[in-house]
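Asker: To start, I am sharing the structure in question, which I have written as C-alpha cells.
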C-alpha cells in the first residue's frame, strides 16, 4: 500500500513543482476598473527624468514585462499610452531593422502624449551606416512634433537627418546629442546641418562631439547647457543670446584664432547661477583665456568651476570686482610656474568672496621644489564647510594640522558639518622628498576626526592612506 501511495505522490510532483514555480497571479488587479489598473501600471515604470544621461538609463522593458503576465494585463498595458511615452532603445547594425519595427509598434501605442526618446548606437562601426539607419531615423522623425525630450547617440551622418522635414510647432524641451564619430567633431558641411529645417528653442541642451557650427538652435529659452570643445567666440555668443541660462558648462574651450572679435563692453548675465569653464591645452598655454573672463559680468553666480594656467589671477579678480556675486562654491584647477605669486593672488581672490562655503583646489605647480605653509597659514573663512585639495604636497604636515585645527574651530561655532579632503599626487624625481607624518601631527588629526571633522588624507594614485597608517618610526 505504501509503495502505491508513494508512486502516486511521485507522479504528482512535476505538476506541483510547476505550480510552485509559476504561482497564480493575484486577481486583485483584474477587479479594478481599467483606469485604476492603468494608473497602477504607470507607477511601476521608472521615471525617465530621474536619470540625466542616456548611459545611466536602462533600456525600456517595463510595458513588455507587464504584458507578458496574462491576457488581461496585456490588454491593459497595450491600451495605456503613458507606458509607451518613453522609449530607450539600443541599436546595432545587425538589429536595426528589428529595432525599427519595435519602435514603430511602441510609439503607435503612445496616443498623443509628449515623448521621451533615448537612442544609443551600440556599434563601434560608424562609417557607411547612414543608409541602414535612415528607416529608423525616419520612424522617430514621424513623431517629431511630439518630442519633449530627445537623447541620441548616433553617427554624425545620421544626426543630420533628424527633423529633416519642417515641423510647424515643436514641444522639445530637452535635447542631448552625442556624435559617435569624434573625428567629425568640427566638421560642419552646409548640407549636413543638424535641425536645418526647424527652429528649436529647448530649455536643456547637452552636446558631445558635436560642433556648434553644425547645429541649428535658438538659445532664447535655454536654461541648462553642457557643451564640449566650443570656440571661445561661440561661448560669448551663447551667453549674450541666452538670457534665461542658469547652468552652463563649457569644457575644452578652443581658440578659433583670426577673426575673433572682443566685445566692446562686458556681457552681463543676470540669471546665471553655475558656470564651469575648462580650456583646451591650446587656450591654456596661449594666454587667450583672460579674454573670456574679461568679457563677463555675473552678478548672480553661486558656483564657479575654472581651469587656470596663468602667471596672474588678475582676470579672475577683475571678474569678482565687476560682479559682486554671492558665490558659495569655487572649484579651481591651477597650472602655475611661480606658485608663490599665484598663492598671494589666490588669497586675495578668496578673501574677496566672503560668502564661500565650499572650496576645491587642484594645484599643479611647475618647478616647485620647496615646502611652504604660506598658503595654508593665510586660509581663514568663517563660512567654509568643505575644503578639498588635490596636487603635489607643498605644505608640511605640521602646517596642515594647524590649518585643520583652525578650520574645525571656525565651523564648530556655527554647528556646521565640515569636510576636509587632501589627495596627493605621486611625487616626481627632483620634487619634495616624501616623508611620514610625525606622531604629534597624526595624533592631532585623529583627535580632530574624533571631534567631528570629516578629514581624509590619502595619496591619490598609490593608495597610501596617511591617516593612522604611516608614522615615522622613532630613532
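Numbering (this note's numbering), first residue to last: 1 to 475. C-beta: ideal position from N, C-alpha, C; glycine also.
According to DSSP, is residue 346 helix, strand or coil?
Answerer: helix
Asker: For residue 34, does the count of other Cβ atoms within 10 angstroms reach 16, so buried, or fall short, so exposed?
Answerer: exposed
Asker: Taking the CB atoms as reference points, tell me whether residue 118 and residue 154 lie closer together than 8 angstroms.
Answerer: No.
Asker: Residue 280 to residue 445, Cα distance in whole Å?
Answerer: 38 angstroms
Asker: Given this structure, state the Cα-to-Cα distance separating residue 103 from residue 97, to the nearest angstrom.
Answerer: 10 angstroms
Asker: Contact between the stretch 354-365 and the stretch 399-407: three or more CB pairs below 8 angstroms?
Answerer: no
Asker: Within 10 angstroms of the Cβ of residue 36, are there 16 or more other Cβ atoms? Answer buried if so, exposed if not.
Answerer: exposed
Asker: Return the chain-ordered list of same chain residues with a C-beta closer than 6 angstroms to the C-beta of residue 395, the five sequence neighbours on each side being excluded.
Answerer: 373 and 376
Asker: With H, G and I counted as helix, E and B as strand and the rest as coil, what does DSSP make of residue 148?
Answerer: strand
Asker: What is the residue span of the alpha helix (DSSP H) that residue 303 lies within?
Answerer: Where residue 303 is concerned, there is no enclosing alpha helix (DSSP H), although the beta strand (DSSP E) it sits in stretches over 303-308.
Asker: In this structure, what does DSSP give as the bridge partners for residue 224?
Answerer: 204 and 247
Asker: List the whole-angstrom C-beta distance separating residue 193 from residue 172, where the pair is believed to meet the contact cut-off of C-beta under 8 angstroms.
Answerer: Contact flag wrong, Cβ pair sits at about 17 angstroms.
Asker: With burial defined as no fewer than 16 other Cβ atoms inside 10 Å of the residue's Cβ, what is the status of residue 122: buried or exposed?
Answerer: The residue is exposed, with fewer than 16 neighbouring Cβ atoms inside 10 Å.
Asker: Which word fits residue 342, buried or exposed, when buried means at least 16 other C-beta atoms lie within 10 angstroms of its C-beta?
Answerer: By the beta-carbon neighbour count (other beta carbons within 10 angstroms, threshold 16), residue 342 is buried.
Asker: What is the DSSP secondary structure of residue 390, counted as helix, strand or coil?
Answerer: strand
Asker: Taking C-alpha atoms, which residue in 391, 405 and 390 lies nearest to residue 478?
Answerer: The structure shown has nothing for residue 478, since the chain only spans 1 to 475.
Asker: Using the beta-carbon count (16 or more within 10 Å), is residue 455 buried or exposed?
Answerer: buried
Asker: Going by DSSP, name the residue or residues bridged to residue 423.
Answerer: 390 and 458.
Asker: Would the beta-carbon of residue 170 fall within 8 angstroms of that of residue 156?
Answerer: no
Asker: I'd like to know whether the C-beta atoms of residue 299 and residue 276 end up nearer to each other than 8 angstroms.
Answerer: no
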